Structures are given as structure tokens and as C-alpha cells.
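Engineer: Counting the sequence shown from 1 gives a position; the working numbering is that position plus 1072. Sending over a structure as C-alpha cells; questions will come in a sec.
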Amino acid sequence: MEQLLAIVDDEPELGRLLCDMMAKEGFQPLYFEKGSAFVEYYRRHPDLNFLILDLLMPEMDGVEVLRKLAELDADIGIVLVSGYDESVLHAARRFASESCLNILASLCKPIRFPELKQIFSSLPVSTMEKEPGMDGCGELSRLELQRAIDNSELRLHYQPKIRMRKKQLAGMEVLVRWQHPHLGLLSPKCFIPLAEKEHLVGQLTEWVVCQAVSQLYGCRAEFDSVTIAVNVSPQAITDLSLPEQLTLMIQERQLNPLRMTLEITESAVMEELTTSLDILTRLRMKGFSLSIDDFGTGYSSMVQLHRVPFTELKIDQSFIFAMKEDAEARAIVESCILLGKKLGMTVVAEGVEDQVTWDLLDEMGCDIAQGFFMAKPMPFHQLNNWLKNSRLPAS
Ligand code: C2E
Ligand code: CA
Ligand code: CA
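So, in C-alpha cells, the structure goes:
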């Protein structure tokens, strides 16, 4: 069946040109000169598949159209187009994804047709982008998750963190999965929110820490000198007993807290700043390293960043993915590296997927890199093989 595509642009000539071109690509295009006319049409025809939306329009601008679509819970693949500079496109794109709209791409004017064609030809037919790994999450219950924790249905995968200059293993991030008896291997995104809602994160973190320590330490000399990085959920850093609980857990296994890094997302810290400040300071005093994860997405100010005793700054992968092609993302990454270093933190880039990105980060003086280019997260039994065969990037 032909895909329905709406084109909203106040320049009729460009609109017509786009219609002709997209019709040749097998779409059924509909042109709207005004945002309001499109919104009215969409209310009556929510089965439209795609939208090419100009941001700068005199009557109802593109951002307002996006807001209306969000109110309507629109399920439509959107390509944003703008004559403004890239930062406006970024802001609009961010607004749209925070409103749960499905943005396929954003393009600067003048539109290059091959680029536009490429966006649509790389889409699986009639599909919308979905959260990776969310397929097949199914309806999960508290009972099932409790059973998974009790009966060891959870699995750990490890992803190496690599010291860029020395090309050495610096640490391992521990990432949890659930081997569900019917649904297969589930991503943490499927069940961490449930664990938080049902107050099971404490038990889950305990299981993760104990399992990681017993798998990694004492089995291979390479692992004894590296740090284990564990993700701590936002809810856990509101639990005042967390520092004592974690210390007890690792003391029982004779592990020095210096060997453990706790990764906490920037947004989690900012949400509960007062409580988290207390807990994070005590964790640091007990010797744990603290990493601020997904940095750049949580709106922390310099002052706040300085008040929390972080030892590591982990730049959000969205900037790392984009830095190869996008000068603004590159500038953000460079500033994060400078800021982290000035504040005496180790800087980590997550989501390194190719040599070009590795080289750029290396030039900028980033300390540690992590990503599919060097190693994907893997089960424990594959780590030995990876250590033997890994050829770390050249630079
Ligand atoms: P995160 O802490 O930001 O972890 C990084 C995620 O990015 C991981 O996804 C990892 O597989 C993925 N990743 C790493 N390098 C690359 C790359 O080069 N390219 C791409 N495309 N992806 C890359 P994963 O394992 O699905 O974990 C998702 C999130 O779930 C984690 O984000 C973390 O917030 C949470 N999580 C994982 N394990 C735990 C846990 O034990 N406890 C808690 N509370 N949260 C966890
Ligand atoms: Ca992490
Ligand atoms: Ca991250």
C-alpha cells in the first residue's frame, strides 16, 4: 500500500517540487501551505504515515504544529526542515522527542534531495522508529521480576572501558539483562522501570553487585586491577542506607571500594539534589568512585556539578554518535572534556562506534572510551576470548 506523506511548507513552489519528487519515490504526497490546515486534516486523518515539516512558517510555526501533534498523541514519522541554523533544528528535535513524537531526521535548507531520499529509503517500510531493545517486553509483573531475582533469571553482560592513550583496559561496566522463560533475553529498559515502581531496585542492585564481584575478581589477573562500574538507579540514591549496604556487600567479598565505580545519571542527581548530595558524599567518603552518567542531558549547572563529589564524567552517547558529522555536537563534547578535566574528573566517552570518532576523541584528550567499535557488552564467558583477541584501535 502507498504510504501517505504530508508536506507542510509555506513556500508553494518548494512544496510542489517535494510532492513530485516523493510521488516518484512511491509515496502519496499531500501538500499544505499552512500548519493549521495540516493539523485540522490530521485530526480527521490520523492514518497519515509521514510528515515533512518546515519550522519557519508565518502563521502557525513548525514548533506549534509539533505541540499540537503531541497533544494528539500522533503516531507519524516526522522529518524537520529549517532555514535556521542547526541549533534551532536541534532544539526543535529535542522538544519533539521529549514530547514522544517520532522524529526520523532533521534537514537544513536548502534541501538536498538525495539526502531526503536517503532518509526514506533507509526506513523499514511502514515502520516507525522504536526504542531499541523494547520489542517483546510484554506485560511484566512484580511477581515475575521477584521470581527472576530469586531464581537467577537475571544475567550480567560486561562492556570494557578502554584507556585511550595507553590502550589498556580501565574497567568493565556491568549491564543487567533478564533471561525471561517465555520472552527471551530482555533489555534493562524493559524491567528497570518496573523494578523502580515495585521497589525492587534495592534487591536488583544487590544481586548485580554480588554477581559481578564474584564473577570478575579472583579469576584472572587482568580483572583484579580494573574497576567494576555498576549502574545505580535514580531511586536507589534516595535511600539513605545505600552507602552502608553497598559497603557491607563488598566487604563481605573482600573488595576494596576503590575498585568500584557507581554510575548515576545526571538527571537522577538533579531530581533529588539534597538527598542525593548526602548519599553521594557518604559513598565517596567510603571510597567508591562516582560517575555522572549521560552527562549533557540533565541540565546540571556548573555549581551543582562542583558540589557533588564525582570522580568521572561520562558524556552522553547522543553527542558521541553525532560528533563525526555535527560541529555543534563536537563542540559540546570538547567542552565536556575540558570541564571534566578542569574539575579533576576522568572523562569517558560512551557510544564510540568507529575509528573516526575514536580519533577525534583522542585528539581532544578524552581519557576513556567505551562503545561497539571496541567491544559490545558480552557475557562473562566471552570476556576471556575478547581479552585474548581484541585489537584495540590504532591512533
Ligand atoms: P547506560 O548506563 O547509559 O548504558 C549504556 C547503554 O548503551 C547500554 O545499553 C549499552 O549496551 C549501550 N551502548 C554502549 N556502547 C554503545 C555503542 O557504541 N553504540 C550503541 N548503539 N549503544 C551502546 P543497555 O545494556 O541496553 O542498558 C540500557 C540502560 O539500562 C543503561 O544505560 C542503564 O541506565 C540501565 N541499566 C543497565 N544495567 C543496569 C543495572 O544493573 N541497574 C540499573 N539501575 N540500571 C541498569
Ligand atoms: Ca552507565
Ligand atoms: Ca550512559
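We put the beta carbon where it would ideally sit given N, CA and C, even for glycine. All values derive from a computational prediction rather than experimental measurement.
Thinking residue 1142 and residue 1114 are a contact (beta carbons under 8 Å), I'd like their distance in whole angstroms, please.
Structural biologist: What you label residue 1142 is simply residue 70 of the sequence shown in a count that begins at 1. What you label residue 1114 is simply residue 42 of the sequence shown in a count that begins at 1. Wrong, their Cβ atoms sit about 12 Å apart, outside the cutoff.
Engineer: Starting from the C-beta of residue 1319, find all residues in its chain whose C-beta is less than 8 Å away, skip the five residues before and the five after it, and write them out in chain order.
Structural biologist: Along the sequence shown, read from residue 1 onward, the residue named residue 1319 stands at position 247. Cβ within range, chain order: 1329 and 1358.
Engineer: Tell me the rounded alpha-carbon separation between residue 1355 and residue 1209.
Structural biologist: In the sequence shown, the residue the question calls residue 1355 occupies position 283. In the sequence shown, the residue the question calls residue 1209 occupies position 137. Residue 1355 and residue 1209: Cα-Cα distance of roughly 33 Å.
Engineer: Between 1095, 1090, 1116 and 1301, which lies nearest to residue 1468 when the distance is taken from Cα to Cα?
Structural biologist: Since the first residue of the chain shown is 1073 and the last is 1467, residue 1468 is not available in this structure.
Engineer: CA-CA distance, residue 1321 and residue 1314?
Structural biologist: Locating residue 1321 in the sequence shown gives position 249, where the first residue counts as 1. Locating residue 1314 in the sequence shown gives position 242, where the first residue counts as 1. Straight-line Cα distance between these residues: approximately 10 Å.
Engineer: Can you grab the Cα-Cα spacing for the pair residue 1181 / residue 1153, in whole Å?
Structural biologist: Taking the sequence shown and counting its residues from 1, one reaches residue 1181 at position 109. Taking the sequence shown and counting its residues from 1, one reaches residue 1153 at position 81. So the alpha carbons of these two residues sit roughly 7 Å apart.
Engineer: Considering only the alpha carbon of each residue, which of 1226, 1253, 1254 and 1242 lies closest to residue 1260?
Structural biologist: Here residue 1260 is taken as the residue at index 188 of the sequence shown, counted from 1. Residue 1260 has its Cα closest to that of 1226, out of 1226, 1253, 1254 and 1242.
Engineer: For residue 1137, which option in 1163, 1160, 1110 and 1162 has the closest C-alpha, if you only look at C-alpha atoms?
Structural biologist: Within the sequence shown, residue 1137 is the residue found at index 65, counting from 1. Looking at the Cα atoms, 1110 is the closest of the given residues.
Engineer: Following a CB-centred definition, is residue 1365 positioned closer than 7 Å to any heavy atom of ligand 2?
Structural biologist: Residue 1365 sits at position 293 when you count from the first residue of the sequence shown. Flag set: Cβ of residue 1365 near ligand 2.
Engineer: Please report how far the alpha carbon of residue 1499 lies from the alpha carbon of residue 1455, in whole angstroms.
Structural biologist: Here the chain comprises residues numbered 1073 to 1467, so residue 1499 is not present and cannot be evaluated.
Engineer: In chain order, what are the residue ranges of uninterrupted alpha helix (DSSP H) at least 4 long that sit wholly in the region 1149-1221?
Structural biologist: Runs found: 1158-1170 and 1185-1193.
Engineer: When we look at the beta-carbon of residue 1388 and count the other beta-carbons within 10 Å, is it buried (16 or more) or exposed?
Structural biologist: Taking the sequence shown and counting its residues from 1, one reaches residue 1388 at position 316. Flag for residue 1388 reads buried.
Engineer: By Cβ distance below 8 Å, which residues in the same chain neighbour residue 1231 in space, the five residues on each side in sequence not counted?
Structural biologist: Residue 1231 sits at position 159 when you count from the first residue of the sequence shown. Correct list, in chain order: 1244, 1245, 1247, 1442, 1447, 1448, 1449 and 1450.
Engineer: Would you mind sorting residue 1437 into buried or exposed? The rule is 16 or more other CB atoms within 10 Å of its CB.
Structural biologist: As a working mapping, residue 1437 is identified with position 365 in the sequence shown. So residue 1437 ends up on the exposed side.
Engineer: Which one or two residues does DSSP pair with residue 1418 in a beta bridge?
Structural biologist: The sequence position of residue 1418 within the sequence shown is 346, counting from 1. DSSP output for residue 1418 lists 1384 as bridge partner(s).
Engineer: Within a Cβ cutoff of 7 Å, which residues of the same chain sit near residue 1278, ignoring the five residues on either side of it in sequence?
Structural biologist: The residue given as residue 1278 occupies position 206 in the sequence shown. 1321, listed in sequence order.
Engineer: For chain B, find out if any of its Cβ atoms is closer than 8 Å to the Cβ of residue 1385; answer yes or no.
Structural biologist: Although the question refers to chain B, the structure presented lacks it and comprises just one protein chain.
Engineer: At which residues does the alpha helix (DSSP H) containing residue 1116 begin and terminate?
Structural biologist: By 1-based counting over the sequence shown, the position of residue 1116 is 44. First-last of the alpha helix (DSSP H) with residue 1116: 1107-1116.
Engineer: Quick one: any contact between the region 1335-1344 and the region 1297-1308, if contact means 3 or more CB pairs under 8 Å?
Structural biologist: Segments in contact, yes.
Engineer: Shorter than 7 Å, the distance from the beta carbon of residue 1245 to the closest heavy atom of ligand 2, or not?
Structural biologist: Start at 1 with the first residue of the sequence shown, and residue 1245 comes out as number 173. Residue 1245 Cβ: within cutoff of ligand 2.
Engineer: Could you say which of 1412, 1267, 1281 and 1108 lies nearest to residue 1368 if we only look at CA atoms?
Structural biologist: For the purposes of this step, residue 1368 is taken as residue 296 along the sequence shown, with counting starting at 1. Considering only alpha carbons, the answer is 1412.
Engineer: Drop a sphere of 10 angstroms on the beta-carbon of residue 1215, count the other beta-carbons inside from all chains shown, and report buried for 16 or more, exposed for fewer.
Structural biologist: Position 143 of the sequence shown, counted from the first residue, corresponds to residue 1215. Residue 1215 is exposed by the Cβ-count criterion.
Engineer: What is the DSSP secondary structure of residue 1448, reduced to helix, strand or coil?
Structural biologist: The count along the sequence shown starts at 1 and reaches residue 1448 at position 376. Three-state result, residue 1448: coil.
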